[in-house]
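Trainee: Structure in structure tokens, see below.
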Amino acid sequence: MRIQFAGIELANPVIAASGTFGYGVEFEEIVDLEKIGGFVTKGISREPMAGNESPRIIETASGMMNAIGLQNVGIKAFLEKKLPALRRYPKCAVIVNVFGGQVTDYLEVIRQLNDAEGIAAYELNASCPNTDHGGMAFGTDPATLDELVFRSKQLATRPVIVKLSPNVTSIPTMARCAEKAGADALSLVNTFVSLAIDIETRRPRIANVTAGLSGPAIKPIALRMVWEAAKSVKIPILGMGGIVTPEDAVEYLIAGATAVQVGTATYADPRAVERIARGLEQWCTRHHIEKVKALTGSVETTRK
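According to numbering that gives the first Met the number 0, the sequence shown is numbered sequentially starting from 0.
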């Protein structure tokens, strides 16, 4: 089940997604961290952030909507209070999700992370609003994405994974842009912009008005985007979006992902990542797959 991903050795290709697994330490008594490939931390910013007002998370048909607002302790507290405990699990890859309102914010977080031990890679959240450009998300404009990835890669001492926004016209275009700018890998997709309305009050059910939709409801669209991106770039892809069962993970691998991230499923089952990793190994055994990497990109789209 071991794989190489962007120069990182993973015990298996199943990783806990950012925003659903805290800082990792919260799950150490629930999940055997060394039986999953790794996890991505909550987004880490230059300064602490309190996040959005409540209500900021609701259940939807086959999924959930959230507008947490990237609440986090900030880079200083992360390095001092969260990261040290994770060094007890050297076999679990720690990927730090990085975000900011300006490119310089990302760079400052990366600069401080570079000096820390026990980190495998950085995941750039390109879905954040760029305050230098009127709130346009970094991941929706090729020129803006190019600058973010290029400058981050120049500074980073570890692999840089770019988390793409699905709220674009062409995922292949943005995938190629990130690759050309120097990204070592891609993760996709992030949540879809969505809206829910309370018909009695006629007001949005989320205080932030819009929110990010995730869960099984987005899986067919996310799977299509992973397939499109995989055909467009040579760098590896972390696929995500509605993975609940081992079979879901297999689909993403066949579509072109090298590894997967499990997110929303963790809310219903805190052990979902470990369960899916174990189930994926069992599925491979039943189907006589000796190396899980053989599944990547094995989809057959031509009719026989």
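Even glycine gets a Cβ: it sits at the ideal position worked out from N, Cα and C.
From a predicted model like this one, the values you see are computed outputs, not experimental measurements.
Run the CB neighbour count on Glu250, radius 10 Å, all protein chains shown included, and call it buried at 16 or more, exposed below.
Mentor: Buried is the call here.
Trainee: Tell me the DSSP secondary structure of Pro128 in three-state form.
Mentor: Looking at Pro128 - three-state DSSP - the assignment turns out to be strand.
Trainee: By the three-class DSSP mapping on this structure, what secondary structure does Ser61 have?
Mentor: Ser61 falls in the coil class under three-state DSSP.
Trainee: Output the distance between the C-alpha atoms of Met48 and Gly100, rounded to the nearest integer angstrom.
Mentor: Rounded to the nearest angstrom, the two C-alpha atoms are 12 Å apart.
Trainee: Apart from the five residues just before and just after Pro203, which ones in its own chain have a Cβ nearer than 8 Å to its Cβ?
Mentor: The answer, listed in chain order, is Leu194, Ala195, Ile196, Asp197, Thr209.
Trainee: Looking at C-alpha atoms only, which residue of Ile7, Ile43, Met0 is the closest neighbour of Pro158?
Mentor: Per the Cα distances, Ile7.
Trainee: By the 10 Å Cβ neighbour count, where 16 or more other Cβ atoms means buried, how is Ile29 classified, buried or exposed?
Mentor: It counts as exposed.
Trainee: Taking buried to mean at least 16 other C-beta atoms within 10 Å of its own C-beta, is Ser186 buried or exposed?
Mentor: So Ser186 ends up on the buried side.
Trainee: Looking at Phe20 and Phe4, is the spacing between their C-beta atoms short of 7 Å?
Mentor: Against a cut-off of 7 Å, the Cβ pair of Phe20 and Phe4 comes out as no contact.
Trainee: Tell me which residue opens and which closes the beta strand (DSSP E) that Phe98 is part of.
Mentor: From DSSP, Phe98 is part of no beta strand (DSSP E); its letter is neither H nor E.
Trainee: So for Val243, helix, strand or coil by DSSP?
Mentor: Coil at Val243, not helix or strand.
Trainee: Would you say the segment 236-253 touches the segment 8-19, given that touching needs at least three Cβ pairs under 8 Å?
Mentor: A contact exists between the segment 236-253 and the segment 8-19.
Trainee: If we call anything under 7 Å between Cβ atoms a contact, is Val261 one with Ile288?
Mentor: Not closer than 7 Å, so no.
Trainee: Quick check: the Cα distance between Asp104 and Arg45, rounded to an integer number of angstroms?
Mentor: Roughly 6 Å separates the two Cα atoms.
Trainee: In its own chain, which residues sit with a C-beta less than 8 Å from the C-beta of Ala228, not counting the 5 before and 5 after it?
Mentor: So the qualifying residues of the chain are Leu163, Ile170, Pro171, Ala174, Leu185, Leu187, Ile236, Gly255.
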